[in-house]
Amino acid sequence: MTAAPLVPANLFTAIDHVGMAVPDLDEAIAFYRDVYGMTLQHEETNVEQGVREAMMAVGDSTSCVQLLAPLDESSTIAKFIDRNGVGCQQIAYRVTDVEAVSATLRERGLRLLYEEPRRGTSDSRINFVHPKDAGGILVELVEPAAAH
Numbered sequence: 001m002t003a004a005p006l007v008p009a010n011l012f013t014a015i016d017h018v019g020m021a022v023p024d025l026d027e028a029i030a031f032y033r034d035v036y037g038m039t040l041q042h043e044e045t046n047v048e049q050g051v052r053e054a055m056m057a058v059g060d061s062t063s064c065v066q067l068l069a070p071l072d073e074s075s076t077i078a079k080f081i082d083r084n085g086v087g088c089q090q091i092a093y094r095v096t097d098v099e100a101v102s103a104t105l106r107e108r109g110l111r112l113l114y115e116e117p118r119r120g121t122s123d124s125r126i127n128f129v130h131p132k133d134a135g136g137i138l139v140e141l142v143e144p145a146a147a148h
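Set out below in structure tokens:
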């Protein structure tokens, strides 16, 4: 019999990022850089998620604001903007073991969007708590890639 992974009482280690849905990534990067003084930490296109994204570093903390722009009208972010407008789309918590935290949250009655973690920004491993089980907020679980 395999021992269950140890999950700390505090499932999350930090706020990893807050995701903001934006229609134009380049304009949003310029705004967050020029107005808020944030620096661009990472930018990529995630075809699987249907977004162009940028991580904007918040001071010298390890937290970021993630800017998410849709690749096309079928993107989840495009649908979010159509339904809710531009703005806060998610909060992401950093975890040390996304599978163990996902299993614990399922045991506690929460639904997760994916059966198995998927690839996120910078090769992180991610899953999401269904917003209907999290007070209407999309909660992302982020296990950073080992190299980061």
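Just so you know, the sequence shown maps onto residues 1 to 148 in UniProt numbering. The beta carbon of each residue, even a glycine, is placed where N, CA and C say it ideally should be.
Span of the beta strand (DSSP E), counted from its first residue to its last, around residue i
i: Ala21; result: 14–21
i: Ala9; result: That residue, Ala9, is in no beta strand (DSSP E); it is neither H nor E in DSSP.
i: Leu105; result: That residue, Leu105, is in no beta strand (DSSP E); its alpha helix (DSSP H) goes 98–107.
i: His42; result: 39–46
i: Pro70; result: 64–70
Option in the options with minimal Cα separation from residue i
i: Tyr114; options: Gly135, Phe80, Gln49; result: Gln49
i: Gly87; options: Arg118, Thr13, Pro144, Ala28; result: Ala28
i: Ile15; options: Val47, Arg33, Ala57, Gly135; result: Ala57
Opposing strand residues paired with residue i [DSSP bridges]
i: Asn84; result: In the DSSP output, where bridge partners are listed per residue, Asn84 has none listed.
Whole-number beta carbon distance between residue j and residue i, since they are thought to touch under 8 angstroms
i: Tyr93; j: Val51; result: About 19 angstroms; that fails the 8 angstroms criterion.
i: Pro70; j: Glu99; result: The Cβ separation is near 29 angstroms, so there is no contact.
i: Ser122; j: His42; result: 6 angstroms
Where the alpha helix (DSSP H) containing residue i begins and where it ends
i: Leu110; result: Premise fails: Leu110 is in no alpha helix (DSSP H) and is neither H nor E.
i: Glu27; result: 25–34
Cutoff 8 angstroms: residue i Cβ touching any chain B Cβ
i: Pro144; result: Among the chains in the structure shown there is no chain B, since it carries only a single protein chain.
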